[in-house]
Amino acid sequence: MDTLPTELLAQIFKCGASEGCHLLIPYKAVNRCWRTAALEYPDLWTSVYPFCSINNNDAVSWTSFCLERSKSCLFDVVLHLPSPPNMALVSKIMLLIAQHIQRLRSLSVFAVDQTNAGEVFALLENAQRAPRLSNLELVCDDTRSISMTAPHDGILISTPALSSLRLHGVRSPVPFVGLRSLDLKGLRTSYADFEAMATASPLLVQLVLPNIRLLVDPQTSTFPPIQMPSLKALALSFAHPPPSNQFNPCHSLLSFLRLPNVEYLELVGSIIPDLAATFHASCFSNLRTLRLVGLTIVSRDPAIQNASYLRSLGTIEELHLIHSYAEYLLPLEQQADRSPKARLSRTRSINFRDEPKAHHRIIHPLNKMIPASRASLPLDNIEAVYPKLRCVCLDTLLAKDAVWLYTFVTERPNIRLVRLSQNINRHFSDSLGLSDGGALQTLPWRNLDRSDHQPVDAGKMLRERVQVEELKAEGLIPWRGPTP
């Protein structure tokens, strides 16, 4: 390494310090050559994490050092406020950033406790203008809903280049103008404000709305639709409706949206309205990827047929099921053939699957796990659901899911890729009652006469039909596991 050119060393260091220039500290302490490579290239010091050290009192000097080393390069700041935050210290850091605000490209402020990330951003008010700021994240651990109305005190700072905005628990200190990506948690807004945002951001590509609040407002039925032809990705999770609207038909601002070019749809959480009533019939005509996270596909209300709505999206090529169960969306047997007892058993397996102690670990014979009614199901009925599907991503597999998956990919030759998460091996072992070290590839089973048979190699079965890859990609809405 000592014989490598300084330029090449700098490129290597840049890859190793992609998550913050504080990772360069060990490099520059090795020898003179490494120190020169680490210090003399300003683009290595453009990712500033002020509170990266154990001693937060050094945050000001560290921030100043990084800003000086970055010289004329654009820089990014990620501010994870300590708990409890020292606002005097934070003010000094923001003052340093304000002195270099002409080069500020990205600012992310993550606050805990009751600290308002918007107040931290307001410390830049005296700078008046951030001409290069393209990405702004203000995240506060707060469950309050936010609107899209302008701040009462007016716009704090001009951000003409802003294209990506993420606000969680913080009212917007900037206008919704010229955006290409928008993430608003707990949005509760009016038709007029949302329509103004869509008009002012005609090139919006990605819209993320965690915990959106749906309200009943019959007077909005006369409003014209909101056209969003540039939108490619939409991610939604829904908050509980207010008590006064809990039992009313759910009106949604989403029903006014016209989304002809959305290719990615992500639905997160167990609170899901009637999708057929929520979205206009013209939406999702070009949908390519459907990601369902912790979704209750079968509603308690028999009038809500979300499974049928999701199955009607015939252009889907990739299906991501994260803590959402495939057999309800892609059944291999007729719905009438599934007994109430089987549905109850499956519901229990869903509800108790994440407990540390397994329940009712019974290994069924393989020929009993694939009912005869499935074999007699016409092929055209199977392929009528998602005929273009070529990739399935699964976060979890129970024993029954493995047999379902094998049967499904056998009957669907166009499936060429299955992505599996790191959790699958653990869930597989828990489902089968295996001892520690039980592997995903082994699926033991017995006949009714209790005689042992050779284990079924589920991995081999899948490898004969599909390419198995590990699922690592995160969705647009962070997922913290099933709701307790």
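Using the numbering used here, the first residue of the sequence shown is number 252, and each one after it goes up by one. Even glycine gets a Cβ: it sits at the ideal position worked out from N, Cα and C.
Is N462 buried or exposed, if buried means 16 or more other CB atoms sit within 10 Å of its CB? buried
Determine, using beta carbons only, whether L430 and L416 come nearer to each other than 8 Å. yes
Taking 8 Å as the limit between beta carbons, can you name the residues of its chain near S481, skipping five residues before and five after? P453, L454, L455, V456 and N512
Could you check which residue in S506, C534 and L485 has the C-alpha nearest to that of L516? L485
Relative to the C-alpha of A528, which candidate in I555, S385 and L538 has its C-alpha closest? Taking only the C-alpha atoms, the option nearest A528 is I555.
Could you check where the alpha helix (DSSP H) with Q752 kicks off and where it finishes? Given a span of 252 to 735 for the chain in the structure shown, any question on residue 752 remains unanswerable.
Under the three-state DSSP convention, the category L727 falls into: coil
Just tell me which of A635, S575, Q718 and G520 has its CA closest to the CA of C642. Q718
Comparing alpha-carbon positions, which option in R354, T450 and S559 lies nearest L508? T450
Alpha-carbon spacing of I567 relative to Y576, whole angstroms: If you take the alpha carbons of I567 and Y576, they lie about 17 Å apart.
Status (buried if at least 16 other CB within 10 Å, exposed otherwise) for F372: Around the beta carbon of F372, a 10 Å sphere encloses 16 or more other beta carbons of the protein chains shown; the residue is thus reported as buried.
Taking the Cβ atom as the reference point for each residue, do V421 and L389 lie within a distance shorter than 8 Å? yes
Simplified DSSP state of K322, which is helix, strand or coil: In the three-state reduction of the DSSP assignment, K322 falls in the coil class, being assigned neither a helical nor a strand state.
Using the Cβ count rule (16 or more neighbours within 10 Å means buried), how would you classify K639? exposed
Which residue wins for smallest C-alpha separation from H331, given the options C324, P664, H351 and N367? N367
G684 to S672 span [Cα, whole Å]: Unreliable positioning characterises G684 in this predicted model, as indicated by a pLDDT of 47, which lies under 50. The coordinate reading is nonetheless provided below. Rounded to the nearest angstrom, the two C-alpha atoms are 20 Å apart.
N377 by DSSP, collapsed to three states: which one? helix
Which same chain residues, not among the five before or five after I666, have their C-beta less than 8 Å away from its C-beta? So the qualifying residues of the chain are L640, R641, C642, V643, F659, V660, R716 and V717.
Distance, T314 Cα to V636 Cα: 55 Å
Quick one: measure Cβ to Cβ for V360 and F326, integer angstroms, because I've assumed they're closer than 8 Å. With 8 Å as the limit, V360 and F326 do not qualify as a contact, their Cβ atoms being about 15 Å apart.
By the 10 Å Cβ neighbour count, where 16 or more other Cβ atoms means buried, how is R551 classified, buried or exposed? exposed
Around the C-beta of S385, are 16 or more other C-beta atoms found within 10 angstroms, so that it is buried, or is it exposed? buried
Specify, as a first and last residue, the run of the beta strand (DSSP E) that I573 falls within. E569 to I573
Ends of the beta strand (DSSP E) at D434? S432 to K436
L758 versus P524 - alpha carbon distance: The displayed coordinates of the chain run from 252 to 735. Any statement about residue 758 would go beyond what the structure contains.
Out of R562, L518, N557 and F530, which has the shortest C-alpha to C-alpha gap to V574? It is His, not Val, that sits at residue 574 in the sequence shown. Closest option to H574, Cα to Cα, is L518.
Quick one, are the C-beta atoms of L572 and L526 less than 8 Å apart? no
In this structure, does DSSP put E721 in helix, strand or coil? strand
Following the continuous alpha helix (DSSP H) through V341, name the residue where it begins and the one where it ends. M338 to Q350
For S409, which residues from the same chain have a beta carbon less than 6 Å from its beta carbon, with the 5 sequence-adjacent residues on both sides left out? R380
C391, DSSP secondary structure in three states: strand
Separation of C534 from M448, as counted between CA atoms: 19 Å
Relative to the C-alpha of K414, which candidate in L358, L374 and Q478 has its C-alpha closest? Contrary to the premise, residue 414 reads as Ser rather than Lys in this sequence. Here the closest residue by C-alpha is L358.
Which one of S521, F530, G565 and T547 has the shortest CA to CA distance from L538? G565
Burial state of F474, where buried means 16 or more other Cβ atoms lie within 10 Å: exposed
Counting C-beta neighbours from all protein chains within 10 Å, is the total for T440 16 or more, i.e. buried, or is it exposed? buried
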